[in-house]
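Residue numbers (the numbering used here), protein chains in the order written: chain U, 291 to 636; chain L, 291 to 636.
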């Protein structure tokens, strides 16, 4: 079997103890205790992984997965900064344990203690600890920390985010933009809210790409789920970019785009606009599209056959399925050694 | 020249007196005076229309346009209910005057006095007045009245909207969902916010279509700009709908979709998924895509050639360009007579 890396997988079937702790945070309020990760047995974690994640990887032909806490359950909007920190610790501890059990298959990526009104400077200790001490190779960033209510989060293009971007560049780990829960009653969480924020992140990063990548030339950012409608309604976007004197076509290659989309037309558009050098494969196991398509009898997220049918050369296909992911998550795959103070040495 | 109806045009080049009044609302506060529409001369209005709107229609080959106040300038979030009412009156008065000057070309559609926290019952007098007394044939509905801040607007599928839907059904005028300004610093107004809400309206109306159209079988709703990514990332949507026991494919035909999109692939997808009976042409003059595409030398919003190249039969093309719009905006085109109490009689 050829190697295939999925860059966007969440632990969507965690052990029940995680839900019990999370539910308890509502009752305990802003001063509750943290989560004792040692209370989880290896067996409980392995059982939970065996429910959906590992069988799905086997069934779909995925060799390795960048593995992070579930996006919808990050829920940065909920509770005080302490509540968020406790939950972030619990969630990242679980990922660390899971990946340690299956080191050849699951590669850890963390969430951060983003909390409404708390600036990025206060998230960095968690990022450094997970990367430098535990081998995490990436992080998920919620662009809408409060979940659509006040205080609204500055655009991901805003210099408010620069302390995070500086640290990401220093550590050479990518940030994967991914929204979580929303309080907006008109935004269905994974039917609307994710897509809206995928699009918003794509738009704002591209719109300010010249400044952002001048200030952080080695910053690695990943846009997810094809960027909402940003690539698909490309002429609407090109009209706006052209009018502002920006070059839509070239900025698309300043970031990586994951291919967690579920129809071949969208993949074709991504290949046409972005090119194979900036695309990374994902089917996002086990998430929104973990449903059997009655038309085909296959699961919607069984998308490797769609990539295989794109008409790419073997070298191009290898870029999307393996090579680009290895370069992006270089801490997992390169032969470089990393000093624990975060400075990369060749 | 064949007849072509554009169902989604805004007066984006209004006389300067409108801007002067609008700017003054900031200074005058919640108790300022209304706008005196009589202060606008016919010449000033005709001059304003001659700047962009009428030449664009001529250049693009559009015979008739459903003509409404500019979407971005509706700005329902701004000021008290009185401020919103004054601005709504001014905006609709301008549309009435403009359409009266060019009765064969411009057909009036109104905005409503939507104001944060004000229920739909309090918008209906404006709708009835414009439709019954002035011949307006549709209205634009802002699904995000407060512009992304508290109090957040209930989903357009929520029964909160039912008094409006009942009145729309009674009057037999369609509602065209279209967001306006947003306070969210991460949502560029016409690069992100419109698209996010196009998608949100599409998703929520489709998700609740069985209930909504059971309760209002003759309700006419229009989704704009292709519904964001709702039709384009269709397998993500199908996965969600399938899992919830809903039939994505059939609900798409319960509403109309305007074709204010700017690339042929998106149009093809709309034809494939929605079918020609539920699509209505628009290039949205003069809006976001009123920009020359350097690749083609044509304006992005010069989209009639794209429709002509879809490979449709003459009858299918006629549905999209003329027939469906006539049925949708039946008060403008049918030979029915309408009683001023809003009850349609054959």
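Idealized CB from N, CA, C, for every residue including glycine.
| Item | Value |
| --- | --- |
| Counting only beta-carbon separations shorter than 9 Å, does residue 628 of chain L have a partner in chain U? | The pLDDT assigned to residue 628 of chain L is 43, lower than 50, so where the model puts this residue is not dependable, and the model offers no usable value. |
| Roughly how far, in whole angstroms, is the beta-carbon of residue 307 of chain U from the beta-carbon of residue 334 of chain U, given that I think they are within contact range, below 8 Å? | 7 Å |
| Are the C-beta of residue 526 of chain U and some C-beta of chain L separated by less than 9 Å? | yes |
| By the 9 Å beta-carbon criterion, what residues does the stretch 442-454 of chain L contribute toward chain U? | 442, 443, 444, 445, 446, 447 and 448 |
| Taking the C-alpha atoms as reference points, what is the distance between residue 409 of chain L and residue 545 of chain L? | 24 Å |
| Is there at least one Cβ from chain U nearer than 9 Å to residue 383 of chain L's Cβ? | no |
| Which residues does DSSP list as the beta-bridge partners of residue 547 of chain L? | L/513 and L/569 |
| With residue 401 of chain L and residue 430 of chain L assumed to form a contact (beta carbons below 8 Å), what rounded beta-carbon distance in angstroms separates them? | 5 Å |
| Taking the C-alpha atoms as reference points, what is the distance between residue 336 of chain U and residue 515 of chain L? | 46 Å |
| So residue 320 of chain U and residue 373 of chain U are in contact, right, with Cβ under 8 Å, and what is the actual spacing, rounded? | 6 Å |
| Quick one: complete beta strand (DSSP E) runs, 3+ long, within the stretch 477-523 of chain U? | 511-513 |
| Which residues does DSSP pair with residue 408 of chain L in a beta bridge? | Answer is none; residue 408 of chain L lacks a bridge partner. |
| In the DSSP output, what is residue 592 of chain L paired with across the bridge? | According to DSSP, residue 592 of chain L bridges with nothing at all. |
| Starting from residue 345 of chain U, follow the alpha helix (DSSP H) in both directions and report where the run begins and ends. | 343-350 |
| By the 10 Å Cβ neighbour count, where 16 or more other Cβ atoms means buried, how is residue 540 of chain L classified, buried or exposed? | exposed |
| Which stretch, first to last residue, makes up the alpha helix (DSSP H) that contains residue 614 of chain L? | 614-618 |
| Do you know offhand how far residue 354 of chain L's Cα is from residue 293 of chain L's? | 8 Å |
| Residues in its own chain within less than 7 Å of residue 445 of chain L by CB, not counting five upstream and five downstream? | 494 |
| Can you pull out the residues from the stretch 529-559 of chain U whose beta carbon lies closer than 8 Å to at least one beta carbon of chain L? | 529, 530, 532, 533, 551, 552, 553, 555, 556 and 559 |
| Using beta carbons (cut-off 9 Å, strictly below), is residue 466 of chain L in contact with chain U? | no |
| Are any of the Cβ atoms in chain L nearer than 9 Å to that of residue 368 of chain U? | no |
| Tell me the residue span of the alpha helix (DSSP H) that contains residue 539 of chain U. | 538-541 |
| Any Cβ of chain U within less than 9 Å of the Cβ of residue 576 of chain L? | no |
| Contact between the stretch 312-331 of chain L and the stretch 594-607 of chain U is defined here as three or more beta-carbon pairs at a separation below 8 Å; is this criterion met? | no |
| Distance cutoff 9 Å, beta carbons only. Does residue 597 of chain U sit that close to anything in chain L? | no |
| According to DSSP, simplified to helix, strand and coil, what is residue 610 of chain U? | helix |
| Under 9 Å between C-beta atoms, does residue 377 of chain L make it to chain U? | no |
| Residue 296 of chain U and residue 575 of chain U - do their beta-carbons sit closer together than 9 Å? | yes |
| Nearer than 8 Å: is that true of the beta carbon of residue 396 of chain L relative to any heavy atom of the ligand NAD? | In terms of ligand content, the structure shown is empty, and the ligand NAD therefore cannot be addressed. |
| Between the Cα of residue 504 of chain L and the Cα atoms of L/449, L/360 and L/357, which residue gives the shortest distance? | L/449 |
| Compare the C-alpha of residue 476 of chain L against each of U/440, U/398, U/534 and U/417 and name the closest. | U/440 |
| Would residue 518 of chain U and residue 472 of chain U qualify as a contact pair, given that the criterion is a beta-carbon distance under 9 Å? | no |
| Pick helix, strand or coil for residue 468 of chain L, following the three-state DSSP scheme. | coil |
| Any beta carbon from chain U within less than 9 Å of residue 478 of chain L's own beta carbon? | yes |
| Does DSSP classify residue 299 of chain U as helix, strand or coil? | strand |
| Who pairs with residue 427 of chain U in a beta bridge, going by DSSP? | Residue 427 of chain U pairs with nothing; no bridge assigned. |
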